[in-house]
Each structure stands twice: as structure tokens, then as C-alpha cells.
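Written out below as C-alpha cells is the structure these notes cover.
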Amino acid sequence: KNFAKRFSDTVLLTESNINLHERNNIIKYNSLCLKHFFIEYYCNEYNK
């Protein structure tokens, strides 16, 4: 949850030319969030 919030805040603060409400960008955003949670660090934390 924090990762998603930080990412969207960063996009807004840097005044990027990225529209987070477009379908294609939403799909990329969700994919990025899922990949973030499948990093070895998080997988090892849940398997303890």
C-alpha cells in the first residue's frame, strides 16, 4: 500500500507527463506493484 502511494505521489510531484488514469498505465502500474511484492525479500519474510 505504501509503495503504491509513494509511486503515485512521485509521479505527481515530478510533474511527469504520465496520466495514471489511462487504461494502459493502470495495467503497467498494477504490474509494477505486483512485481514489487514478489521480490525475494518479501517472499522470505512471509515464509518465516
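Residue numbers are given in my numbering: position 28 of the sequence shown equals residue 665, and the series is strictly consecutive. Ideal Cβ placement from N, Cα and C applies to all residues, glycine included. Fair warning: this is a prediction, and the values are worked out from it, not measured in the lab.
What's the C-alpha gap between residue i and residue j?
i: residue 667; j: residue 647; result: 16 Å
i: residue 662; j: residue 673; result: 16 Å
i: residue 659; j: residue 665; result: 10 Å
i: residue 669; j: residue 641; result: 9 Å
i: residue 643; j: residue 651; result: 12 Å
i: residue 675; j: residue 639; result: 15 Å
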